[in-house]
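The block underneath contains the structure these notes are about, expressed in structure tokens.
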Amino acid sequence: MRNLFYLLLFLFNISLFAQEYFPDNEGVKQKTDIPYVFTNATIVDGYDNVIKAGQLMIKADKIVAVGKNINIPKDAVVIDLDGKYIYPSFVELFSDFGIKKFNRPSSNGQPQYGPSRKGYYWNDHIRPEQNLTQHFKFDEKTAKQMRDAGYGLVNTHVNDGIIRGTSSLIALSEDEDITKTLVAEQTAQVFSFDRSNQTRQSYPTSIMGKMALLRQVYNDAKWYQTGNAKNKDLSLEAFNQQQNIPQIFHTDDYLDALRADQVGDEFGVQYTIIGSGDEYKRIIEIKQTNAQFILPLNFPKAYDVENPYLTQYLSLSDMKEWHHAPFIFKLFEDNEIPFAITSNGLKSPDQLLKHLKTAIDKGLSKEKALAALTQKPAEILKLSDQVGHLKPGAYANFLITSKDLFEDNMTIYQNWVMGRKHELADMNLNDISGEYQLSFNNQTYDLKVKQNKGKYSAELTKDTLKFGTKLDYKDNWFYLTVTDKSSENEFNRLAARIDQPQSNFRGKVFLNNEATSTFMAKYQNSTKDKKDDKSPDKDKDKDMMLPVSYPNMSYGFSEISSETKPLLIKNTTVITGEADGTLENTDVLLKNGKIDKIGQNLKSSRAKVIDGNGKFLTAGIVDEHSHIAATSVNEAGHNSSAEVTMEDAVNPDDISIYRSLAGGVTSIQLLHGSANPIGGRSAILKLKWGESADDMIYDNSPKFIKFALGENVKQSNWGSRSRFPQTRMGVEQVFIDYFSRAKAYGEKKNSGDPYRKDAEMETLLEIINSERFISCHSYVQSEINMLMKVAEQFDFRVNTFTHILEGYKVADKMAEHGAGGSTFSDWWAYKYEVNDAIPYNAAIMHNEGVTVAINSDDGEMIRRLNQEAAKSIKYGDISKEDAWKFVTLNPAKLLHIDDRVGSIKEGKDADVVLWNAHPLSVYAKPEYTIIEGKIYFSLEKDKQLRQQIKKERSQLINMMLKAKNKGLKTQPIKKENKEFLHCDSEIELH
């Protein structure tokens, strides 16, 4: 087939196609559009529109008429389909059919920071101008596989880039006339969170960067549309032209689906989302997107759990994923979330109906299953009048099948694509699939005949004895060769003519001793037997879905409740963190998410009473510097990533959240990493285990951003020599340059003249205006001094120096500047710029008047920050009260949330922890961790969850063993270790 490039030539001369004749020197020109009429068929245009003994007429590539008594032309070819079914051919919505794979350009060992193209967008991963004309070549091998699976049309696109350009609808039947293969151009504009393989441009490297880049594209497209842009941009021109066609977004997990929808909501775009199949984990949030989804059928295999020792390494989340994945379609249907189905992700298209039947077994209705392959794809592409239906005027794309599409042993006989017949199986062959009682030579056997895509095989047994068989069935002649068990070299041969499908038949048998006899095969009505089988074992075979937990893993909660019952903690020792100090034998009432009352002999009839006798109640721990609950932490593609926000990367399913609650932590600052001098914006979180990412983020959150100094930002240990800065002096110039540009941007913005909105400059302008606060990764005193001077030059203050392991050298200057210090308790000498660190650092800064916090910067240490705070008593004789403030009130002050958390005071948020001993003791552990009056961790609940984990693991292991015994394929167990993200991590976790 010629390249689609020539399509443009056809389209420029589209009027020519109205002519009936083109010059042809190869032979006589004949009219070939003879009508075909299919009669006596069950026509299923959706299960709500079934015509029995119906008629369908096509002419050329269109359906002309459908009904029971249509007017049949005299010259029509009439095909009797008595007992057979007609369905619309399937439409594949998400494919790269016919598109070559791209290999990433070779590297010189150094990152590429600029674009490789001129006249296009500044980022090579944005390619809205892409379409099929440059890349398409018809792939007959894949087309045949898809036709055999029931597909007639495929919506294909260049599967490369964040904005990938437009898709086109292709008929799966190659034609010399390219316009008949191309059904519709520019059917959708396609997006993803995947970088392009056609470039080595570094930015973006993270999910935060990808979302920020998309936002900037929308802003730049709007700016370009006004005519104020100085340069011509072919990418933005294409992007703007394609806003009125469907917008389809490919995602890799449910979190990415929610992120994509968030970007769409910000710019008034409703994406159709290509899901990953794990959306069951947060089905309510998925419904709230109001998006249509395209869902895959690539269910995971069961794990091989026969080895009990290896099974210990199999996570409950992986086991639940195997169990829950096939129920995704039922959940979407039950929750009235519109969806189509894609075969993308399956090993081969021929697995489509097998996997779809699994989904039907799990509760998906046949009506929705068929619609998701036909009507819904057409609706998403806004082509319902042309494809996905059997109605006059639509393209002649339909299947002829032996029986109901979803019945066992159904055969697709023919797949008509754009009016062209594709023969898949012999339609005149009587179907003999099923179970028979076979008798010959005074013996009775059980014969099972199986059919797959028109090919038949046989299995012959007698009691527990299984015989070797070879079945040859064609032209309605049945030939079965059976190995005689007495001798593997002797055979019995059976032959018969089949006159009726799935019925009794008889024939001649040629015995191994050359004698001849007759045989009788009695058809067993297995469908009736299955209906009559009401045994308990059969009921068990119909899997019931185990409840989804939040998150859907170990220690997940069975439900998320927004209601909080009042809690009354009685007779406890309250370490207030306020001027009241420590209060003995005190009651605290938590009500409506707040600390309602503090006193003695408090009463509340509605409250749950917790005995605090002999225990200690404190404010929840606040970690000023954390990287838990994140999908990624570094956007390393530029030396400034002020446009990105960690709120886009929050991962509510990180088990570190639960473990941190078990250590008494209730709030964290999720910081960007230290890959660049100007990092990304922070997310201030409450560790509400089980709730959504959005619900974890503080309401009206203070605005913070991560800056960094030292070895990481000048890439001392990264092997990169191509990105500025490469020295500590260069780091200073980066700050001065960006703040100078931001200041000029602000002047332009305030002038009233048109300006290009730039998210990066907007963020830096907020810093200059003291509306956003800096937490700066820092070690060496000279750089600490440098940044304070740069800040003073632009008339703002550095809020917090984090790590700050040489803070003791400049504590007086920090206090004078107004900067806080968030440090480690006793880490030192783990890299060169930390050689001068000392464990007395926190005490010295505190004594100089600096607001000091102890942070974790680690997914393990966050669980014992109470002990890290206690080290300041040893190193520097800090009082117990002040040491405890290092992990509660002081970090709350640094994060500007001390009006809400950090101490126990009436009116503050009810974020408290009840300890079994003084929290600075190595023996102390939380018995209750409470956020906004709701218990998120308790020792009692933890025991219940551990029992629940054992129960669920046992259930799922038994299910997997049962699946393997049924002959289903399994996958091996792979041990996975928990990865913690740190300042220098460049990976993304999924």
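Numbering (our numbering), first residue to last: 1369 to 2358.
By construction, the Cβ of each residue, glycine as well, lies at the ideal position given by its N, Cα and C atoms.
Let me check one thing: in DSSP terms, what residues is I1642 bridge-paired to? H1618 and I1662
Quick check: the Cα distance between K2071 and D1991, rounded to an integer number of angstroms? 16 Å
A1762, DSSP secondary structure in three states: Residue state, collapsed to three classes: coil.
Tell me, which residues are paired with C2144 by DSSP? F2075 and F2169
Alpha carbons only, please: which of H1723, N1712 and P1717 is nearest the one belonging to A1693? H1723
Length at least 4, wholly inside the segment 1981-2067: the alpha helix (DSSP H) runs in chain order: 2023-2029 and 2061-2064
Rounded to a whole number of angstroms, what is the C-alpha to C-alpha distance between Q1566 and D1776? Taking the straight line from one Cα to the other gives about 45 Å.
Once DSSP output is grouped into helix, strand and coil, what is the label at A2278? A2278 falls in the coil class under three-state DSSP.
Roughly how many angstroms lie between the CA atoms of L2336 and D1464, to the nearest whole one? 30 Å
Buried or exposed, going by whether 16 or more other CB atoms sit within 10 Å of the CB of S1484? So S1484 counts as exposed.
What span of residues does the beta strand (DSSP E) with S2081 cover, start to end? The identity of residue 2081 in the sequence shown is Val, whereas the question assumes Ser. Note, V2081: premise wrong, no beta strand (DSSP E); not H, not E.
Straight-line Cα distance separating A1517 from D1413: 18 Å
Pair within 8 Å by beta-carbon distance, G1466 and K1420: In this structure, K1420 does not lie closer than 8 Å to G1466 by Cβ.
CA nearest to the CA of R2232, picked from R1627, Y2066 and T2034: T2034
Comparing alpha-carbon positions, which option in S2009, L2055, I1402 and L2029 lies nearest V2018? Closest by alpha carbon: L2055.
Counting only runs that start and end within the segment 1741-1815, where is the alpha helix (DSSP H) found for 4 or more residues in a row? 1743-1748
N-terminal and C-terminal residue of the beta strand (DSSP E) that V1445 is part of: V1445 to D1448
DSSP state of D1315 mapped onto helix, strand, coil: Nothing in the structure corresponds to residue 1315, since the chain is present only between 1369 and 2358.
Output the distance between the C-alpha atoms of T1895 and E1803, rounded to the nearest integer angstrom. Confidence at T1895 is low in this model, with a pLDDT of 48, below 50, so its placement is unreliable and the value that follows should be read with caution. As the crow flies, the alpha-carbon of T1895 is around 10 Å from that of E1803.
Grab the span of the beta strand (DSSP E) containing M1912 for me, first residue to last. Note, M1912: premise wrong, no beta strand (DSSP E); not H, not E.
Spatially closest choice to L1773 from Q1805, Y2208, L1828 and F1458, by CA coordinates: F1458
Alpha-carbon to alpha-carbon, T1779 and Y1404: 22 Å
When the Cα atoms are used, what is the spatial distance from E1553 to L2324? 47 Å
Proximity below 8 Å, CB of S2271 to CB of A1987: yes
Using 8 Å as the Cβ pair cut-off and three pairs as the minimum, do the segment 1994-2003 and the segment 2106-2123 touch? no
Short of 8 Å in beta carbon distance, which residues of its chain neighbour I2317, apart from the five on each side in sequence? Order them along the chain. L1684, S1922 and Y1923
Return the Cβ separation of Q1480 and R1568 in integer angstroms, given the expectation that the two are a contact with Cβ distance under 8 Å. With a Cβ gap of about 4 Å, Q1480 and R1568 count as contacting.
Between A1628 and I1662, which are expected to be in contact by the criterion C-beta below 8 Å, what is the C-beta distance as a whole number of angstroms? A1628 to I1662, Cβ: 12 Å. No contact.
Here's the rule: buried if 16 or more other CB atoms are within 10 angstroms of the residue's CB, otherwise exposed. What is D1621? buried
The beta strand (DSSP E) with F2107 in it runs from where to where? Segment R2096 to N2118 is the alpha helix (DSSP H) holding F2107; no beta strand (DSSP E) there.
For I2222, count neighbouring Cβ atoms within 10 angstroms of its own Cβ and tell me buried if that reaches 16, exposed if not. buried
For N2215, which of helix, strand or coil comes out of DSSP? helix
Could you tell me the alpha carbon to alpha carbon distance between R1495 and Y1841, rounded to whole angstroms? 53 Å
Any idea what DSSP makes of D1901, helix, strand or coil? Since pLDDT at D1901 reaches only 48, below the 50 mark, its modelled position is unreliable, and the value read off the structure follows with that caveat. Reduced to three states, the DSSP call for D1901 is coil.
Is E2174 close to the ligand NAP? I mean its beta-carbon at under 7 Å from any heavy atom of the ligand. You won't find the ligand NAP in this model; it holds no ligand whatsoever.
So, helix, strand or coil for L1714, using DSSP? coil
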